[in-house]
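Step one of this worksheet: look at the structure below.
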Amino acid sequence: MLTQAHINEIRRQTGVSTVDAMHALAVANGDVPRAIDDLHDHARAGNRSVVVSTKDGAQRIAAALIDSGIWFECEVTPDAHWRFSVALGAYARLLALSAATNAEAQPA
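Counting from 1 along the sequence shown, just add 1 to a position and that's the residue number in the working numbering.
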């Protein structure tokens with residue numbers, strides 16, 4: 002559940018923006034401790050990425066990221082998959098876009 006108290010708690014413990022806190026909470030299905038853990042994991046990792054196995058899925062994610070105005074990098078992996086990397090603050094949005102576009106994306 003997205004409540005102001007939950008968002009404020011996430012922001013207090015992680016120092017992220019309100020939007021990033023809302024995205025993390027949405028991805029964690031309202032679970033505040035999980036959202037905080039996810040944000041801490043992401044902070045240690047820097048950029049976050051997902052790997053897409055189909056060309057069609059990669060095209061849908063690329064179009065959605067461009068339409069959303071999110072900066073991203075895309076590279077082809079040695080096993081002919083596409084890895085989309087975004088900055089920490091946009092990772093939750095990348096996961097949401099990959100789910101919304103029905104792309105077979107897996108966190109990398």
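Ideal Cβ placement from N, Cα and C applies to all residues, glycine included.
What number of angstroms, rounded off, separates the C-alpha of residue i from the C-alpha of residue j?
i: THR90; j: ASP21; result: Here residue 90 turns out to be Gly, not Thr, going by the sequence shown. Spanning the two alpha carbons is a distance of roughly 6 Å.
i: ALA81; j: GLU74; result: 16 Å
i: VAL53; j: THR78; result: 10 Å
i: ALA97; j: SER69; result: 12 Å
Just to confirm, is the Cβ distance from residue i to residue j under 9 Å?
i: ILE67; j: ARG94; result: no
i: SER50; j: VAL17; result: no
i: ILE37; j: ILE8; result: no
How should residue i be labelled, buried or exposed, when 16 other C-beta atoms within 10 angstroms of its C-beta is the threshold for buried?
i: ALA101; result: exposed
i: ASP57; result: exposed
i: ALA6; result: exposed
**Request:** Could you tell me whether the region 18-33 touches the region 61-68, using the rule of 3 or more Cβ pairs below 8 Å?
**Result:** no
**Request:** Kindly provide the ranges of any beta strand (DSSP E) runs that are 3 or more residues long and lie completely inside the region 37-101, ordered along the chain.
**Result:** 49-53, 73-77, 83-87
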